[in-house]
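First the structure, in the form of structure tokens, and then the observations on it.
Number of protein chains: 2
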Amino acid sequence: MQLFEIFRKYLQEKVELTDAQLDLIRSTSKERKIAKREFYLREGEISGHNTFVVKGLLRLYRIDEDGNEHIMRFAPENWWISDRESYNTGEPSKFIIDALEKSEVLIWTKEDSEFVYGEIPAFRAFGEGLFVESFIAYHNRIYNSISSTAEEKYKNFVKTYPDIFNRVPLHMVASYLGVTRETLSRVRRHFTLK
Amino acid sequence: MQLFEIFRKYLQEKVELTDAQLDLIRSTSKERKIAKREFYLREGEISGHNTFVVKGLLRLYRIDEDGNEHIMRFAPENWWISDRESYNTGEPSKFIIDALEKSEVLIWTKEDSEFVYGEIPAFRAFGEGLFVESFIAYHNRIYNSISSTAEEKYKNFVKTYPDIFNRVPLHMVASYLGVTRETLSRVRRHFTLK
DNA sequence: CGATTCTTTGAAAACAGTCAATCTGTGTGG
DNA sequence: CCACACAGATTGACTGTTTTCAAAGAATCG
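Chains as they are written, first to last, in this note's numbering: chain D, 1 to 194; chain S, 1001 to 1194.
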């Protein structure tokens, strides 16, 4: 199945759109394949697109002064990804996006997104709904990070993202949660034994 | 000065609005005073308003199963506050909002907000811009929480919110950062001595 | 002033990080 | 198709940090 057809299915479950509207959305999109380990956004580039992951798995992360990776998000199929700060301010991104698996994505430039949003209010409302959901997810993640132990964080991650945790290496989950791989390894053994 | 006049000043620095538009915004607003320690939103209530803090200081927090408070946000003058999850879903809030200082706020119901947004697109754009800013702030806070030590977190908080840190008790900053009051007390002594 | 809230301190225990080594599974090139 | 390299996971010993519990000192408010 073509990439856009998969996206169409996804979209039609969420918004009612006419064929003409879907054509407009399609005509402004671009397809791209990303190889495993390939960069999609490099540090210092501007994140000027909305990107929908059709297949595969991407991650958004940052490298600190000591060279440590800190993973902000994973984006498997049917998720959107961008560095929202760079997207909005137009400033170079401090973050990196690359592919953990061979991936295929659909891309809209910021300009095209704005144009399509203007033409199709229902699509704009949908996009804004997604944004609110990400906001709430961040809210919950912050609550989790200030109120939970490492073990609870891991359990919570597994429960919230069952589709992700067994596709990414443990040390990346550790990075996402803000603990070392060794700690996560021990914490996890500890409670799988119980 | 009247509450709304203060808000008008704030708003006019950010958006160009006609007098008629400002009148509409004013006519849909309600004023409220909140005493120190008074609840503005109780757990289980629906957060169905947009609230602008004109004077004073509010906080948004949650109490976990063990009875510990976890502070999500502080909101001093010129900040907006609500539980966005409850606001959007219409579900009862798991969070609490109360006043740390005697406060005065301006309130719009969700319905009125939507109505005013519909009438004044520039005001909607302004509101959405604010929302994006909160999102980016959350993003940065998450990065901070997974990549920094307790000391760095505190320094960062002081630097990011110089207007807040000296108005709230240390144990609330500790709660916000996700460390115990004792740890924050020690950490802070440690680096003020250096 | 007395009561309450807030901050600090000490000592012990729990927890997480670091460093180094080993073990496992996967996949690629010869 | 095998061997070897490589990425990932685990473990141990040690160190450092944070929590916990208990108590006391400081500041603030009515």
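A virtual CB, placed ideally from N, CA and C, is assigned to each residue, including glycine.
For residue j and residue i, the rounded distance between their alpha carbons
| i | j | result |
| --- | --- | --- |
| S:PHE1004 | S:SER1113 | 16 Å |
| D:GLY178 | D:SER145 | 9 Å |
| S:LEU1130 | S:PHE1052 | 12 Å |
| S:GLY1067 | S:HIS1049 | 27 Å |
| S:PHE1126 | D:HIS190 | 49 Å |
| D:PRO92 | D:GLU119 | 29 Å |
| D:SER27 | D:ARG84 | 24 Å |
| S:LEU1022 | D:ILE142 | 36 Å |
| D:VAL15 | D:LYS155 | 33 Å |
| S:GLU1151 | S:GLY1044 | 35 Å |
| D:THR89 | D:GLU111 | 14 Å |
| S:ARG1008 | D:ARG167 | 51 Å |
| D:LYS159 | D:ARG59 | 19 Å |
| S:TRP1079 | D:PHE115 | 31 Å |
| D:ARG186 | S:THR1149 | 21 Å |
| D:HIS139 | S:GLU1128 | 17 Å |
| S:PHE1157 | S:ARG1188 | 12 Å |
| S:TYR1117 | S:THR1018 | 14 Å |
| S:LEU1024 | S:PRO1121 | 13 Å |
| S:THR1180 | S:PRO1169 | 13 Å |
| S:LYS1033 | D:ILE136 | 28 Å |
| S:ARG1042 | S:ALA1020 | 35 Å |
| S:SER1134 | D:SER134 | 12 Å |
Integer Cβ distance of residue i from residue j, believed to fall under 8 Å
| i | j | result |
| --- | --- | --- |
| S:ILE1081 | S:ILE1097 | 6 Å |
| D:TYR87 | D:SER47 | 5 Å |
| S:ILE1006 | S:MET1172 | So it is not a contact: roughly 26 Å between Cβ atoms. |
Short CB-CB distance (under 8 Å) between residue i and chain S
| i | result |
| --- | --- |
| D:PHE165 | no |
| D:HIS139 | yes |
| D:ARG124 | no |
| D:GLU111 | no |
| D:TYR147 | Note on identity: in this sequence residue 147 of chain D is Ser, with Tyr being the wrong assignment. So yes, D:SER147 belongs to the interface. |
| D:GLU114 | no |
| D:ASP136 | Here the sequence assigns Ile to residue 136 of chain D, which means Asp is not the residue at that position. Interface residue, yes. |
| D:ASP64 | yes |
| D:GLU85 | yes |
| D:VAL132 | yes |
| D:GLY178 | yes |
Pick from the options that is closest to residue i, judged by C-alpha positions
| i | options | result |
| --- | --- | --- |
| D:ALA99 | D:TYR87, D:LYS55, D:GLU119 | D:LYS55 |
| S:PRO1162 | S:PRO1076, S:THR1192, S:HIS1139, S:GLU1038 | S:PRO1076 |
| D:ARG73 | D:PHE123, D:TYR176, D:PHE165 | D:TYR176 |
| D:PHE123 | D:PHE165, D:GLN12, D:GLN2 | D:GLN12 |
| D:TYR61 | D:SER134, D:PHE135, D:PHE157, D:LYS94 | D:LYS94 |
| S:GLU1038 | S:GLU1069, S:THR1192, S:GLU1104, S:GLU1133 | S:GLU1104 |
| S:ILE1164 | S:LEU1057, S:PRO1121, S:GLU1065, S:LYS1033 | S:LEU1057 |
| S:GLU1065 | D:THR180, D:SER147, D:LYS153 | D:SER147 |
| D:LYS153 | D:SER134, D:THR183, D:PHE135 | D:THR183 |
Same chain, Cβ closer than 7 Å to residue i, five either side skipped, listed in chain order
| i | result |
| --- | --- |
| S:ALA1035 | ALA1099, LYS1102 |
| S:GLU1069 | TYR1061, ILE1063, SER1175 |
| D:TYR40 | ILE34, LEU58, ILE97, ASP98, ALA99 |
| S:THR1192 | none |
Within-8 Å CB hit, residue i to chain D
| i | result |
| --- | --- |
| S:MET1072 | yes |
| S:ASN1088 | yes |
| S:ILE1142 | yes |
| S:VAL1168 | no |
| S:VAL1173 | no |
Residue i beta carbon near the ligand FAD (any heavy atom closer than 7 Å)
| i | result |
| --- | --- |
| S:HIS1070 | Within the structure as shown, the ligand FAD is missing, as the structure has no ligands at all. |
Cβ neighbours of residue i in the same chain (closer than 8 Å, five flanking residues each side left out)
| i | result |
| --- | --- |
| S:LYS1030 | LEU1106, ILE1107, TRP1108 |
| S:MET1001 | none |
Same chain only: Cβ atoms within 6 Å of residue i, ignoring 5 sequence neighbours per side
| i | result |
| --- | --- |
| S:VAL1132 | none |
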